[in-house]
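Residue numbers (full-length UniProt numbering): 1 to 212.
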């Protein structure tokens, strides 16, 4: 696929058909040995896309209060896509991370700080040197409260960017969370399994202002 095509979103009618069978993954998280699929009582889930999911997942698994993380695909059409299909630009997905967290220890607002301050949310269909629709910035809220907090944080971060002299417009996609598909097991906790692996994550030197 040409670069021009890879940076333009695919429509549902154009998307690859996918498959009914989910990708097989390990039962336990490679770092903390918690369940990769179960959500304990009192825990909540958040979905973020910030470019290549290898570095993004590591950012979140290091946070106190995060129970588990998983690399996967969100915001697209193709059921249970493969990594190569997502990279083709023909599934509509982003590379996303599923974060299971204890809101009594780490709040959704704190997760939003990690999101905004550790990538460039104004690059459209790329992140650094990684180009394609799968690298777009996105937040996929699961509840009205998450949606409200996410949208309010966009306004605050946009204002902080402008004050810093960065007049670009934030391109982060905010949409209700649809299906999240786990990536292949090789991609789960990738930078734990491959400590010297690629990590293109990096912020723009702007902090998310606190809530009013």
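Cβ coordinates follow ideal geometry from the N, Cα and C atoms, glycine included.
Between the CA atoms of residue j and residue i - distance to the nearest angstrom
| i | j | result |
| --- | --- | --- |
| residue 8 | residue 132 | 8 Å |
| residue 212 | residue 25 | 42 Å |
| residue 81 | residue 19 | 7 Å |
| residue 174 | residue 39 | 23 Å |
| residue 204 | residue 150 | 19 Å |
| residue 185 | residue 23 | 8 Å |
| residue 161 | residue 87 | 30 Å |
| residue 170 | residue 66 | 27 Å |
| residue 163 | residue 155 | 12 Å |
| residue 98 | residue 72 | 7 Å |
| residue 51 | residue 200 | 8 Å |
| residue 106 | residue 64 | 7 Å |
| residue 92 | residue 196 | 29 Å |
| residue 165 | residue 206 | 10 Å |
| residue 61 | residue 54 | 11 Å |
Buried versus exposed call for residue i [16 or more other C-beta atoms within 10 Å across all chains shown]
| i | result |
| --- | --- |
| residue 267 | The structure shown does not extend to residue 267, since the chain is modelled only from 1 to 212, so the question has no answer here. |
| residue 167 | exposed |
| residue 84 | exposed |
| residue 27 | exposed |
Best match in the options for proximity to residue i [C-alpha to C-alpha]
| i | options | result |
| --- | --- | --- |
| residue 46 | 127, 70 and 155 | 70 |
| residue 180 | 165, 95, 171 and 197 | 95 |
| residue 89 | 200, 14 and 198 | 14 |
| residue 43 | 72, 63 and 101 | 101 |
| residue 56 | 148, 120, 178 and 206 | 120 |
| residue 127 | 172, 145, 147 and 12 | 172 |
Cβ shell of residue i (< 6 Å), same chain only, five flanking positions each side left out
| i | result |
| --- | --- |
| residue 125 | 7, 133 and 136 |
Close-in-space but distant-in-sequence residues of the same chain around residue i (CB under 8 Å, 5 per side omitted)
| i | result |
| --- | --- |
| residue 30 | 188, 189, 192 and 193 |
| residue 209 | 156, 157, 159 and 160 |
| residue 104 | 42 and 65 |
Cutoff 7 Å; reference residue i; Cβ partners in own chain excluding five residues on either side
| i | result |
| --- | --- |
| residue 153 | 112, 116 and 208 |
Three or more C-beta pairs below 8 Å linking the region 182–193 and the region 133–153: The region 182–193 makes no contact with the region 133–153, as fewer than three CB pairs between them are under 8 Å.
Contact the region 102–116 vs the region 25–34: 3+ CB pairs below 8 Å: Output reads no: the region 25–34 does not touch the region 102–116.
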